[in-house]
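Novice: So the sequences go chain by chain: A and H.
Position in the first sequence (from 1) plus 35 gives the number in my numbering.
Position in the second sequence (from 1) plus 35 gives the number in my numbering.
Note that the Cβ used here is the ideal one computed from N, Cα and C, for glycine as well.
Protein chains: 2
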Amino acid sequence: MGKQMTEMLKGTLEGIVLAILSGRPAYGYEITARLRDQGFSDIAEGTIYALLVRVEQRGLVDVEKVPSEKGPPRKVYSLNAQGREYLDEFWRTWSFLAERLEQLREGGKQT
Amino acid sequence: MGKQMTEMLKGTLEGIVLAILSGRPAYGYEITARLRDQGFSDIAEGTIYALLVRVEQRGLVDVEKVPSEKGPPRKVYSLNAQGREYLDEFWRTWSFLAERLEQLREGGKQT
DNA sequence: CGAGCTATTAAGTGTTGCTAGGTAGTGGTA
DNA sequence: TACCACTACCTAGCAACACTTAATAGCTCG
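(1) Roughly how many whole angstroms lie between the Cα atoms of residue 101 of chain A and residue 61 of chain A?
(2) Could you pull out every unbroken beta strand (DSSP E) segment of at least 3 residues lying fully inside the segment 72-137 of chain H, listed in chain order?
(3) State yes or no: is the beta carbon of residue 78 of chain H nearer than 8 angstroms to at least one beta carbon in chain A?
(4) With contact counted as at least three CB pairs below 8 angstroms, one residue from each stretch, are the segment 90-98 of chain H and the segment 109-129 of chain A in contact?
(5) Output the distance between the C-alpha atoms of residue 71 of chain A and residue 104 of chain H, rounded to the nearest integer angstrom.
(6) Here's the rule I'm using: 16 or more other beta-carbon atoms within 10 Å means buried, otherwise exposed. How should residue 39 of chain A be labelled?
(7) Can you check whether the CB of residue 139 of chain H is closer than 8 angstroms to the CB of residue 79 of chain A?
(8) Does residue 146 of chain A come within less than 8 angstroms of chain H when only Cβ atoms are used?
(9) Could you name the residues that DSSP lists as bridge partners for residue 62 of chain A?
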């Protein structure tokens, strides 16, 4: 998509990835592919890997190395307790913002 | 609010301000005050002014200097045609993101 | 005059996603 | 063998954005 999407993803992409991990553990390549399937057609692989490094360093996820039939071993990430807290906080922040924006969109139609 | 909000505002704050301007023209100080009233309690003044400079340079708004009863003259910004287009694009981008996130929030409850 | 409110501007910082490239393992094919 | 495609991960450098902090400037009132 465009530049607007790039900027809008800042701050939300992290939550999106954590939300995906809250469903079930996954590895980077898989997450990228799933995002593409869901319509985020041009999220760069490098972006996801860098993001995963960040959340790992913050202790929001646990990591396990799992051998792959095809290619190098996978790093499988799973959300831990701290990550779940962080995700809850993310949803609260998101809800606040989404409500305000919905109000603005309604209000903008007349006035 | 917290750091999550700061990051999440990147890309959306611009749309928020343009949406406010789509209702009626306004000047920086006023916009800041209105945002505070709407719950964005700690958006820095400097942030809004910098944002207004950006959107002006991109030609999304028209500017008019209006004398104030109290203090220096105000720079009153109003959304122009190009700005309206940009705002439409913003809403489309937002809608896409909001839909995906709503799906993720629903899906995350079981699985 | 000095305090406090109105109103704008500007320099420097940290976080984030993107670009562009590299490393590595496996399997298929000419 | 040599080459290519797919899987899977990593890294360095860049641009954009919101924040912090501080400065500037005009007006009113005690």
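Specialist: On the basis of the coordinates in this document:
(1) 11 angstroms
(2) The segment 72-137 of chain H contains, as complete beta strand (DSSP E) runs of 3+ residues, the segments 96-101 and 109-114 (chain order).
(3) So no, residue 78 of chain H is outside the interface.
(4) The segment 90-98 of chain H vs the segment 109-129 of chain A: no contact.
(5) The alpha-carbon atoms of residue 71 of chain A and residue 104 of chain H are separated by roughly 55 angstroms.
(6) Buried, since its Cβ has 16 or more Cβ neighbours within 10 Å.
(7) Residue 139 of chain H sits away from residue 79 of chain A, with the two beta carbons spaced by 8 angstroms or more.
(8) Any reading at residue 146 of chain A needs caution, since the residue's pLDDT is 46, under 50, leaving its predicted position unreliable; the model's value is listed next. Taking Cβ atoms only, chain H reaches closer than 8 angstroms to residue 146 of chain A, which makes this a yes.
(9) A/111
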